[in-house]
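Below is one structure, written out as structure tokens; comments come after it.
Numbering (the UniProt record's numbering), first residue to last: 1 to 594.
As structure tokens, then:
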């Protein structure tokens, strides 16, 4: 590489924002980069926001970039199709090693070698490569708004997309059971020849693993916990060593750990990165169908669960890993591993449904529901509960009497056992029922509060059920304040707020109003919040008062028991951000009532 500095072709373009068809607004000057090797032209997000997506070039002579020698950010990249259109006659060459001036419709542009940086023949070049897995704030925000949207009716008919129908056809046409009753499923590929096979995933997985090993050297305790998880996979026959380690057409999954300090058992959870993109731009998850939604709304499950005087909860042990994957498809789930840096790297195959693949939730839930259909006739109390009272691997059900609760426990346990599933962490708000279950199961005593593992987001917020007092405790754990406070960081925090029944409506509506206000400013994702918004964010947990920026509706249930005593409890609530056009507070109250 040459030790000389080179001037690249830039120029300034003066544009005006269009207020209307006949009126122009503020003039804005953007710096562009001319790239003869680009087949397309691009514009930065900041320039799009500044221009409002409407660019109106000013008339008259436009100078080239007078500050070409001053480092600055690039707003536009003009490709080869633009370069050919702006060239004019006129080329001035200097002596060897000097700049070249080219006349264009934008003015004279300069490019070429500036001169030697120093007299040394040694050239120092630094290349920094960062591999990082980030949570997509857009995805989190989408989940947040979906949860806060108007709930679907319980009896609303669900229409499957063509892809979802195809996914169902694959499951019905290929799923089998082994001699023990365990389900064997095919991975639902979009194509018979998935492109992810040709992305060079092994090289990528190797680089990621070598980086992971460096972390092992820095933290022996972390390495020991990580190794214990891998060895458990092998001991349980959930993984095996691939005999044909050089087989073509295989997919290798990079892996890393998620540390769960709040867990009393295994604190290290290994995540297999099926979204890792290969050299051809395709990942395993890109080639897999996600499948249709199969379970009821979470809010419906919780509300139905609360209707019973006696509540029962449990979860399935390693749910995904109780389902076998068709042998030929295990080569799409290979990983690289070795215990010590001096050992030869092994190739392991996942033999079970793998956490991290986009089809895993569908395959797990669909197998559980198929088990209820296949074996449910013998278990009348269990069948419908398996179909409607599970949220992924968590059972939330209830009953009227202790006797019924014992029978539910027996039937659900036996039904799931026939498919290779096992329930654990049984708990109940009725101490007598829990004692009977404990005596029959010999399960360890659950001390204190039991955490409800409703989904990935709820683990962050710590939704907890105090079974002894039959109360919910809601703990919000936002990320520590990290300066500067940007739009991206705020949205990431807000999107993690998980409140399916509206118990935290005053807090959630404040967050929704704040999102609206951030969007109205038009600031970039990584721009620091303006001072007024920053103060609002820091005051986020302050008490609310009657406001004209939002409205809400709250549902309570009032029950009169057999002894004539009245009990009132919160069931659910929904909040809405007021339209940008201001409305009177009484109008919003009427809207909430409607």
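All C-beta atoms, glycine included, are put in the ideal place defined by N, C-alpha and C.
Open item on the list: Within a Cβ cutoff of 7 Å, which residues of the same chain sit near residue 225, ignoring the five residues on either side of it in sequence?
Closed with: 267, 268
Task: Residues of its chain near residue 321, where Cβ-Cβ distance is below 6 Å and the 5 sequence neighbours each way are ignored - done: 238, 352
Task: Contiguous beta strand (DSSP E) assignments of at least 3 residues, all confined to the segment 356 to 432 - done: 394 to 399, 423 to 428
Task: Range of the contiguous beta strand (DSSP E) that encloses residue 102 - done: Note, residue 102: beta strand (DSSP E), 100 to 104.
TODO: Starting from residue 311, follow the beta strand (DSSP E) in both directions and report where the run begins and ends.
DONE: 310 to 316
- [ ] Could you name the residues of the same chain whose beta carbon sits closer than 6 Å to that of residue 13, not counting the 5 residues immediately before and after it, in chain order?
- [x] 30, 32
Task: Residues near residue 446 in its chain [Cβ-Cβ closer than 6 Å; skip 5 each side] - done: In this predicted model, residue 446 has a pLDDT of only 41, less than 50, meaning its place in the structure is not dependable; the value taken from the coordinates is given anyway. Once the five neighbours on either side are set aside, the close Cβ partners of residue 446 are 427.
Open item on the list: Classify residue 568: buried if its beta carbon has 16 or more other beta carbons within 10 angstroms, exposed otherwise.
Closed with: Exposed is the call here.
Task: Bounding residues of the beta strand (DSSP E) (the contiguous stretch that carries residue 240) - done: First-last of the beta strand (DSSP E) with residue 240: 239 to 241.
Task: Buried or exposed by the 16-neighbour rule on C-beta atoms within 10 Å, applied to residue 512 - done: buried
Task: Exposed unless 16 or more other CB atoms sit within 10 angstroms - verdict on residue 85 - done: exposed
TODO: Could you check how far apart the C-beta atoms of residue 292 and residue 399 are, in whole angstroms? I think they sit under 8 Å.
DONE: About 30 Å separates the two Cβ atoms, so there is no contact after all.
Task: 7 Å CB neighbourhood of residue 63 in its chain, flanking five on each side removed - done: At residue 63 the pLDDT is 43, less than 50, meaning the model places this residue with poor confidence and gives no usable figure here.
- [ ] Please classify residue 216: does DSSP put it in a helix, a strand, or coil?
- [x] helix
Task: Residue range of the beta strand (DSSP E) that includes residue 562 - done: Taken as a continuous stretch (DSSP letters only), residue 562 belongs to no beta strand (DSSP E), as it is neither H nor E.
- [ ] Mind reading off the beta-carbon distance from residue 390 to residue 368? Whole number of angstroms is fine, and I expect it under 8 Å.
- [x] Indeed they touch by this definition, with Cβ atoms about 7 Å apart.
Task: Between the CA atoms of residue 185 and residue 496 - distance to the nearest angstrom - done: 32 Å
Task: residue 409, buried or exposed, once every other Cβ within 10 Å from all chains shown has been counted against 16 - done: buried
Task: Length of the line joining the Cα atoms of residue 387 and residue 536 - done: Between the alpha carbons of residue 387 and residue 536 lies a gap of roughly 44 Å.
TODO: Please check the pair residue 415 and residue 382, which I expect to be a contact at CB under 8 Å, by giving their CB distance rounded to whole angstroms.
DONE: 5 Å
Task: Alpha carbon of residue 317 to alpha carbon of residue 424, nearest angstrom - done: Each residue's alpha carbon lies about 6 Å from the other.
Open item on the list: Quick check on residue 560: buried or exposed, where buried means 16 or more other Cβ atoms within 10 Å of its Cβ?
Closed with: exposed
Task: Strand pairing of residue 574, partner residues [DSSP] - done: 553
Open item on the list: Can you look up residue 354 in the DSSP assignment and give me helix, strand or coil?
Closed with: coil
Open item on the list: Assess contact between the segment 480 to 491 and the segment 519 to 539, defined as three or more Cβ pairs (one per stretch) separated by less than 8 Å. Is contact present?
Closed with: yes
TODO: Can you tell me the Cβ-Cβ gap for residue 209 and residue 336, rounded? I've got them flagged as a contact below 8 Å.
DONE: 5 Å
TODO: Spatial neighbours of residue 407 within its chain, please: CB distance less than 8 Å, with the 5 preceding and 5 following residues excluded, ordered by chain position.
DONE: 381
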